[in-house]
Amino acid sequence: MKTSRIIWVALLSVLLAVSLTACGGGATTTAPSAPTGVTATAGDGQATISWSSVTGATSYNIYWSTTSGVTKTSGTKISGATIPYTHASLTSGTTYYYIVTAVNSSGESVESAQVSAAPTVGGGMLQLIGSYPQLDYNYYGDDIFVSGNYAYFCEAGSSWTDSYVRILD
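Just so you know, full-length UniProt numbering puts the end of the sequence shown at 169, numbered straight through with nothing missing.
Okay, here's the thing in structure tokens:
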């Protein structure tokens, strides 16, 4: 009778151990939730992607494409991205689309909402014809345009002015 009790207790111990192992011993076994608050800000030949940190995430992946509708499958993966992440060496005037995922030991989250940014064109060099032989002009904005041999400039809160210019490549 004593032997059968010992076998019974041993069997219950094994079943309990197997049950706890199969359940992960009570540890969390779910991937983190998708990042929220994702933004993409365009800069000079770059885009800065930011998002809110996700509880339980140990790293983040960014997927990008120049085609809208980027997914984990279709996008180019940037592993181990930090908040914020600057995606550099981009073509100015091209729109880039981004999604972000959170990662932990249990896996990768579903995709965040898609965001996009179109990097801007950096400064150029203008050569003025007239009393000024040359001007290096770094420009970061939307208020300049060229028509014929005239460049029209407008600084914030100012009126439009024009200058006769020859644009150098």
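We put the beta carbon where it would ideally sit given N, CA and C, even for glycine.
- Taking the Cα positions, Ala102 is about 5 Å away from Tyr60.
- In its chain, beyond the 5 residues on either side, Ala117, Ala118, Pro119 and Thr120 have a beta carbon closer than 7 Å to the beta carbon of Ala42.
- Bounds of the beta strand (DSSP E) holding Lys77 are Thr76 to Ile78.
- Restricting attention to Ile62, Ile49 and Ser109, the CA atom closest to the CA of Thr86 is found in Ile49.
- Contiguous beta strand (DSSP E) elements confined to the UniProt domain "Fibronectin type-III" (31-123) occur at 39-43, 46-50, 59-65, 76-78, 85-87, 96-104 and 115-117, taking only those with 3 or more residues.
- With contacts defined as CB atoms closer than 8 Å, Thr76 and Tyr63 qualify as a contacting pair.
- Distance from the CA of Thr94 to the CA of Thr55, rounded to the nearest whole angstrom, comes to 34 Å.
- By the neighbour-count criterion, in which 16 or more other beta carbons inside 10 Å mark a residue as buried, Ile99 falls on the buried side.
- Closest in alpha carbon position to Thr71, among Gln46, Val110 and Thr58, is Val110.
- Out of Ser106, Thr30 and Thr36, the CA that lies nearest to the CA of Ile83 is found in Thr36.
- Comparing C-alpha distances from Ser53 to each of Val38, Thr67, Glu108 and Thr30 shows the shortest one belongs to Val38.
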